[in-house]
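Q: The structure is given below, and queries will be raised subsequently.
Number of protein chains: 2
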Amino acid sequence: MKPYVIGLDLGGTNSVFGIVDSRGDIKATTAVKTQAYEKVEDYVKACVEAVHVIIDQTGGLENIKAMGIGAPNGNFYTGSIEFAPNLSWGHDGIVPLADMFSKALGVPVALTNDANAAAIGEMTYGVARGMKNFIMITLGTGVGSGIVINGQIVYGSDGFAGELGHVIMVRENGRSCGCGRNGCLEAYCSATGVARTAREFLKESAEPSLLRDMKPEDITSLDVSLAAAKGDKLSKRVYEFTGEMLGEACADFATFSSPEAFVFFGGLTKAGDLLMKPLERSYRKHALAIFRDKPKFLVSSLDGASAAVLGASAVGWDL
Amino acid sequence: MKPYVIGLDLGGTNSVFGIVDSRGDIKATTAVKTQAYEKVEDYVKACVEAVHVIIDQTGGLENIKAMGIGAPNGNFYTGSIEFAPNLSWGHDGIVPLADMFSKALGVPVALTNDANAAAIGEMTYGVARGMKNFIMITLGTGVGSGIVINGQIVYGSDGFAGELGHVIMVRENGRSCGCGRNGCLEAYCSATGVARTAREFLKESAEPSLLRDMKPEDITSLDVSLAAAKGDKLSKRVYEFTGEMLGEACADFATFSSPEAFVFFGGLTKAGDLLMKPLERSYRKHALAIFRDKPKFLVSSLDGASAAVLGASAVGWDL
């Protein structure tokens, strides 16, 4: 049996490749700047050149079983990236990326969206090992999700299921969301949402806060969590507000698939208990009685830098 | 191959049995009063006596492959009815009904909740034939749901997934719900919810309405749809409000499983376009762009009286 799979974590800034074995050890890595190319053909060409170096380092192409890609707006059914707003070569069309890599490398290639890849990675290598029913929620620049039911990722009728960041949490006067609508979970509970909440709280009162030393537009979710760690009350309330809303959202999600666990991943989870305690408390308060004490609330055990590559590689193992 | 399955639609009032063939033809039926018995043993005994008559009418037990039961608070994993508030013999414990019927009749028995049975029935005999991904929403005294993903009912980690009637639609000052919480979809969009909306609208203004001829507490969803059919504006607005909220809920549900269709079933669907037009319009208005034009909005094609028995029988065919 061929011992390795190539994992590609295709992000808006970097495209990170890893050669991964079946235990989740990353044997070699390389990276390419995602947006340094206007045309997808040039991007793929640069990627293939870079990845051939690490393929050679790990014993050549005969050791490679397949390749897995996790990408924004990735569609597992078609192997394409569809209308990805943040990719210079992918924003206004359908890019058959799995097919292009498969032809260029000569191995089977599967592609899925980044949150689904994270869920598969967590199920293969992380805290969700052995679980058949869980919901992965990624808290980064946006809020993504990968839903696992009966041990399978939910792709739905079109490959785009699992967009829980776009459930409406505030139906009246909700914040504008990048999707063009208002009140989405993502507008509140992403990293950018946390920064927006901080700016709102600062504006609403004259309460002293360490954050007042910064220009409002420069505040990030990391600044808020650092201030909260120093005891800043306003910053703590920002995370309480965020956790509270995520808990309410999870109470709704439980009615759908009654998962064994909710697994959180991404930058915001670095806030730790600041986020997770109010989240779990809010879930228990808002959940339907039969679901109240059932799900676990877990934070990804995978190292942030490599988790996305591992997740992508796991998509390849499934081939 | 044994040609028939027994379907049992176990309702709060009647327990309706049918002997069903593989095409969905009901060969014989009988019924028992569900709540005429204090003890479940007596209920099962009465059922078995009644069902033996129709088994004999259709050629005897050797023609029966299995039995399927659709029941409130039914758990497919355990074959039990668990804490069913509306059943005299089932409200404060776990009743292993599938096992009891299997022992008494000598055939395999599967049990699921009523909304899941309806979804399986629709997939086997109705408008969802051939669909792998759809969401069934039952609009009766309550709001139930059966979610189908990859051709399978979603049961979740505990057998209780698919409680979409208890998604929170109104987070501030929501109506009280039978589940003990506030603002659930069911509190607005069930038959009783429609009657509540009518009473609220009547109270909020002095607008003339045919419904003012009735005692407020006597108004049912049927009265509202009959008045609306006669052109009563207030009654029309009640259905617009109901459809609007259901459409918003479906927009959220689409982010979860991106279904090919939403299939509606139950008493409220008799209102027809009064309900379905605002529902679909609201969905298109509120859905995330990638889901906006995808799902179909269908009303069950199965005859109301027999649909639940067919659904229950379909659970038996799956054994």
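One line per chain: the protein sequences are A and B, in this order. Per numbering that gives the first Met the number 0, the very first residue in the first sequence carries number 0; after that it's consecutive. Per numbering that gives the first Met the number 0, the very first residue in the second sequence carries number 0; after that it's consecutive. Glycine included, each C-beta is placed from N, C-alpha and C at the ideal position. Quantities reported herein were computed from a predicted structural model and do not represent experimental measurements.
Which complete beta strand (DSSP E) runs does the stretch 205–289 of chain A hold, if anything under 3 residues is left out?
A: Listed in chain order, the complete beta strand (DSSP E) runs (minimum 3 residues) inside the stretch 205–289 of chain A are 260–264.
Q: Just to make sure I have the definition right: I need the residues of chain D whose C-beta is within less than 9 Å of the C-beta of B/S257. Which are they?
A: Chain labels in this structure do not include chain D; the protein chains are A and B.
Q: By Cβ distance, which residues of its chain are closer than 6 Å to B/S87, with the 5 residues on each side in sequence left out?
A: Only Q34 meet the Cβ criterion.
Q: Do B/I152 and B/N132 have their beta-carbon atoms positioned less than 8 Å apart in this structure?
A: No; because the gap between Cβ atoms is not below 8 Å, this pair is not in contact.
Q: When you compare each of A/V50, A/G69, A/E247 to A/L278 by their alpha carbons, which one comes out closest?
A: Here the closest residue by C-alpha is A/E247.
Q: What does the alpha-carbon distance come out to for the pair A/I63 and A/V50?
A: Their backbone Cα atoms lie some 12 Å apart in a straight line.
Q: Report yes or no: is there a C-beta of chain B within less than 8 Å of the C-beta of A/N74?
A: With 8 Å as the cut-off, A/N74 does not count as an interface residue toward chain B.
Q: Are the stretch 299–312 of chain B and the stretch 110–128 of chain B touching by the rule of at least three beta carbon pairs closer than 8 Å?
A: Short answer: they touch.
Q: I'd like to know if the stretch 228–242 of chain B and the stretch 191–198 of chain B are in contact, where contact means that at least 3 CB-CB pairs between them fall below 8 Å.
A: Enough Cβ pairs lie closer than 8 Å, so yes.
Q: Any idea what DSSP makes of A/A118, helix, strand or coil?
A: Residue state, collapsed to three classes: helix.
Q: Listing by chain order, which chain B residues have their CB less than 7 Å from the CB of A/V166?
A: Neighbours of A/V166 on chain B, chain order: D251, T254.
Q: Going by DSSP, what residues sit across from A/N13 in a beta bridge?
A: Paired residues: A/K32.
Q: Quick check: the stretch 12–28 of chain B against the stretch 40–58 of chain A, are there 3 or more CB pairs under 8 Å?
A: They do not touch, by the three-pair rule.
Q: Short of 7 Å in beta carbon distance, which residues of its chain neighbour A/M135, apart from the five on each side in sequence? Order them along the chain.
A: The answer, listed in chain order, is A114, A117, A118, E121, S144, G145, V262, F264.
Q: Under 7 Å: does the beta carbon of A/T33 sit that close to some heavy atom of the ligand NAP?
A: This structure lacks the ligand NAP, and indeed carries no ligand of any kind.
Q: What residues match up with A/D292 in a beta bridge as DSSP calls it?
A: In the DSSP output, where bridge partners are listed per residue, A/D292 has none listed.
Q: Can you pull the chain A neighbours of B/G179, defined as C-beta to C-beta under 8 Å?
A: Per Cβ cutoff of 8 Å: A288.
Q: So, A/A286 versus A/A253, is the Cβ gap smaller than 8 Å?
A: Result yes, Cβ atoms of A/A286 and A/A253 sit closer than 8 Å.
Q: Scan the stretch 17–69 of chain B and note each continuous beta strand (DSSP E) run of 3 residues or more that stays entirely inside, going in chain order.
A: Whole beta strand (DSSP E) segments, 3+ residues: 25–32.
Q: With 9 Å as the limit, tell me which residues of the stretch 120–132 of chain B have their beta carbon closer than that to any beta carbon of chain A; keep them in chain order.
A: From the stretch 120–132 of chain B, only M130, K131, N132 have a Cβ closer than 9 Å to chain A.
Q: Can you check DSSP and say which residues form a bridge with A/C178?
A: The partner list for A/C178 (beta bridge, DSSP) is empty, contrary to what the question assumes.
Q: Mind checking which residues open and close the alpha helix (DSSP H) that includes A/S101?
A: From DSSP, the alpha helix (DSSP H) with A/S101 extends over 96–104.
Q: Name the chain B residues whose beta carbon is nearer than 8 Å to that of A/I146?
A: Within chain B, the residues near A/I146 are F255, S256.
Q: List the residues of chain B that A/K293 touches, going by C-beta distances under 8 Å, in chain order.
A: Under the 8 Å cutoff, chain B gives S156, D157.
Q: For A/N112, decide whether its Cβ has a neighbour in chain B, counting only Cβ atoms nearer than 8 Å.
A: Cβ-Cβ to chain B under 8 Å: no for A/N112.
Q: Do you know offhand how far B/D292's Cα is from B/G92's?
A: Roughly 45 Å separates the two Cα atoms.
Q: Report, in whole angstroms, the separation of the C-beta atoms of A/A307 and A/D8, which I expect to be a contact under 8 Å.
A: Their Cβ separation, rounded to whole angstroms, is 4 Å, which keeps A/A307 and A/D8 in contact under 8 Å.
Q: Less than 8 Å between CB atoms is the rule here; does B/N13 satisfy it with respect to chain A?
A: Not one chain A Cβ lies under 8 Å of B/N13.
Q: For a contact meaning CB atoms closer than 9 Å, what does B/N149 contact in chain A?
A: The answer, in chain order, is I148, N149, Q151, V153, Y154.
Q: Exposed or buried, what is A/M99 when buried is set at 16 or more other beta-carbons lying within 10 Å of its beta-carbon?
A: Answer is buried; the Cβ neighbour count reaches 16.
Q: How many Å lie between B/N112 and A/T12 at the Cα?
A: Using only the alpha carbons, I get a separation of about 48 Å.
Q: To the nearest angstrom, how far is it from the Cα of B/L210 to the Cα of A/C176?
A: Their backbone Cα atoms lie some 41 Å apart in a straight line.
Q: In this structure, does DSSP put A/V169 in helix, strand or coil?
A: Three-state DSSP puts A/V169 in coil, outside helix and strand.
Q: Report yes if the CB atom of B/T241 is closer than 8 Å to the CB atom of B/L274, and no otherwise.
A: Yes, they are a contact pair.
Q: Label A/A65 either buried or exposed according to how many other C-beta atoms from any shown protein chain fall within 10 Å of its C-beta, with 16 as the threshold for buried.
A: Classification of A/A65: buried, given that the 10 Å Cβ count is 16 or more.
Q: Sorted by chain position, which residues of the same chain lie with C-beta nearer than 6 Å to B/T137's C-beta, five sequence neighbours on each side aside?
A: Contacts found: A114, A117, G143, F264, G265.
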